[in-house]
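Peer 1: Here's a structure for you.
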């Protein structure tokens, strides 16, 4: 075969390969586009706007949202720029994936309204983001053929830009029927989260654990800051931040073994002086201190960090103060 013929045939074969690659790329693009969903968000609050934005990052289309306040409308404009502002029924009608991000007690009446108004089509994916509930609360929608799941991000939302980046690696508590687990996992992964499945019966306990740890921690820290101000500390946040950060880090790493302080040492006199100072300066804080000190002592005894003998005088102080 002449060199020119070989070259011609080689160019023709390369052309076929390039055409094949282009066709495959087009097929993949069409498949990817087909897997993208029209998303409706009820509503554009701190959670809904950020989760909607994360779905946009993943290639989905947030086509509609509801927003009842000026702050929500501002978030919708910023984080969900392609979404039309509609009422909740209109949002549901145009969504293939409906994201419900409303207060816990508002979910049940909202779902009833959407079902009674005929706003939900069979096959619509419906996701709520409440931590305390699983999918039972979405049962009316499931009965008409909607696909229901609960996806709760274990994170505090501020409604600011950093929330979107903080989603990376955040665990989502997922509850769904078995056949929808793959879809639930995929949605969480697309939002840069990590799926953790929680059974329907354990959702209240799961949420109690988060509220007990996060919400009560905020109360405890702000109360500590107030007490430091009462003690004359002008920058209490600066003083206590290293201690709190180390305590949290050590506890997450080592659990009960990280416990320090007068309770675990059985220092009854120190605890008694704490209570005396609190009664004089911040009497409203006494009951909380007593409850936490007693619970700390119980856990320290159970972990064998504090012997019952060493704890006897301490427990006596706590009991007398009660």
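In our numbering, the protein residues as written are 7 to 328.
Beta carbons: idealized from backbone N, C-alpha and C, even for Gly.
For clarity, every value in this text was computed on a predicted model and none was experimentally measured.
1) So, is residue 188 buried or exposed, given that buried needs 16 or more other C-beta atoms within 10 angstroms?
2) Please report how far the alpha carbon of residue 283 lies from the alpha carbon of residue 194, in whole angstroms.
3) Which residue comes first and which comes last in the beta strand (DSSP E) that contains residue 204?
4) For residue 182, list the residues DSSP reports as bridge partners.
5) Would you check if the stretch 265-277 and the stretch 223-231 touch, i.e. whether three or more CB-CB distances between them fall below 8 Å?
6) CA-CA distance, residue 2 and residue 213?
7) Who are residue 46's beta bridge partners in DSSP?
8) Go ahead and label residue 318 buried or exposed: buried means 16 or more other beta carbons lie within 10 angstroms of its beta carbon, across all protein chains shown.
9) Assess, as a yes-or-no matter, whether the stretch 137-146 is touched by the stretch 171-185 under the definition of 3 or more beta carbon pairs within less than 8 Å.
10) Using a 10 Å radius around the Cβ and a threshold of 16 neighbouring Cβ atoms, would you call residue 222 buried or exposed?
11) Give a yes or no on whether the C-beta atoms belonging to residue 49 and residue 94 are separated by under 9 Å.
12) Taking a contact to mean a Cβ-Cβ separation below 9 Å, would you say residue 59 touches residue 170 in this structure?
13) In chain order, what residues of the same chain lie with their CB nearer than 6 Å to the CB of residue 329, ignoring the 5 residues before and after it?
14) Assign residue 158 to one of two classes, buried (16 or more other C-beta atoms within 10 Å of its C-beta) or exposed (fewer than that).
15) According to DSSP, is residue 139 helix, strand or coil?
16) What did DSSP end up calling residue 41 once you bin it into helix, strand or coil?
17) With residue 131 as the anchor, note down where its beta strand (DSSP E) starts and where it stops.
18) Taking the straight line between their C-alpha atoms, what separation do you get for residue 70 and residue 92?
19) Determine the DSSP secondary structure at residue 241, reduced to helix, strand or coil.
20) Just the Cα atoms here: how many angstroms apart are residue 236 and residue 65?
21) With H, G and I counted as helix, E and B as strand and the rest as coil, what does DSSP make of residue 309?
22) Using a Cβ-Cβ cutoff of less than 8 Å, which residues in the same chain neighbour residue 67 once the five nearest sequence positions on both sides are dropped?
23) Decide if residue 35 is buried, meaning its Cβ has at least 16 other Cβ atoms within 10 Å, or exposed.
Peer 2: On the basis of the supplied data:
1) Sixteen is the threshold: since fewer than 16 other Cβ atoms of the shown chains lie within 10 Å of the Cβ of residue 188, the residue is exposed.
2) 49 Å
3) Where residue 204 is concerned, there is no enclosing beta strand (DSSP E), given that its DSSP letter is neither H nor E.
4) 155
5) Taking 8 Å as the limit for Cβ pairs, the verdict is that the stretch 265-277 does not touch the stretch 223-231.
6) Any answer about residue 2 is impossible in this case: the structure gives the chain only from 7 up to 328.
7) Listed as beta-bridge partners of residue 46 by DSSP are 70 and 104.
8) exposed
9) yes
10) exposed
11) Result yes, Cβ atoms of residue 49 and residue 94 sit closer than 9 Å.
12) yes
13) The chain is shown only over 7 to 328; residue 329 falls outside these bounds and no answer can be derived.
14) buried
15) coil
16) Three-state result, residue 41: helix.
17) 131-134
18) 7 Å
19) coil
20) Rounded to the nearest angstrom, the gap between the Cα atoms of residue 236 and residue 65 is 52 Å.
21) coil
22) 42, 43, 44, 45 and 88
23) Summary for residue 35: the model assigns pLDDT 40, below 50, so the residue's position carries little reliability; its value from the coordinates is reported in the next sentence. Flag for residue 35 reads exposed.
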